Amino acid sequence: MISVAYAADAAHHAVPFYADAAFWVGVAFFLVAGLAFKPVFRALGAGLDARAAKIKARLDEAARLREEAQEMLATYQRKQRDAMKEAEEIIAHAKAEAERLAQQAAKDLDASLKRREAQAMDRIAQAEAAALREVQNVAVEVAINAARDVLASSISADQAAKLVDKAIAELPQKLH
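In the UniProt record's numbering, the protein residues as written are 1 to 176.
Structure (structure tokens):
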């Protein structure tokens, strides 16, 4: 009960709020906290601004790199198209050259075959001429042998000696 009486007495003697020490401790706390956190907020804001600037710089760099990549892609696509076109031209040129070489080879083969045919025909003609000469020589030998046999059987030795002497005498006239 004492505490109730004491509390009732204290309620009549209440001091204004600004005269209480707890009020001033609270005010001092908020002032110190405000003054202490002001540089922290500035540093925090500066840090956030710096981070935002870094992020913006990274985004700008990424955009620049993307543009460069797009340009490089377009350049390489153009180079690839040019290379494909050049490859097609090389292939077409190679096909034309191969066709030209095939035609030239066919012409050369035809000319070679004609030359060989002409050489074969010459050899055949030479062989025919040689065979004809050989046949003629054999025919002459056969005729001579036949004539000798006929003459030997129909002419006497004296007549043969006279014919040989006569042939020897006529020989200088026949040679000139």
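In this text, a Cβ means the ideal position worked out from N, Cα and C, and glycines have one as well. Note that the structure is a prediction, hence the values are computed from the model and not measured.
query = Which of helix, strand or coil does DSSP assign to Pro16?
reply = coil
key: Coil, strand or helix - Ser112 by DSSP   = helix
ask   = Starting from Ile168 and walking both ways along the alpha helix (DSSP H), at which residues does that stretch end?
value = Ala157 to Leu175
task = To the nearest angstrom, report how far apart Phe37 and Phe29 are at their CA atoms.
result = 12 Å
inquiry  = I need the straight-line Cα distance from Leu35 to Pro16, nearest angstrom please.
reply    = 27 Å
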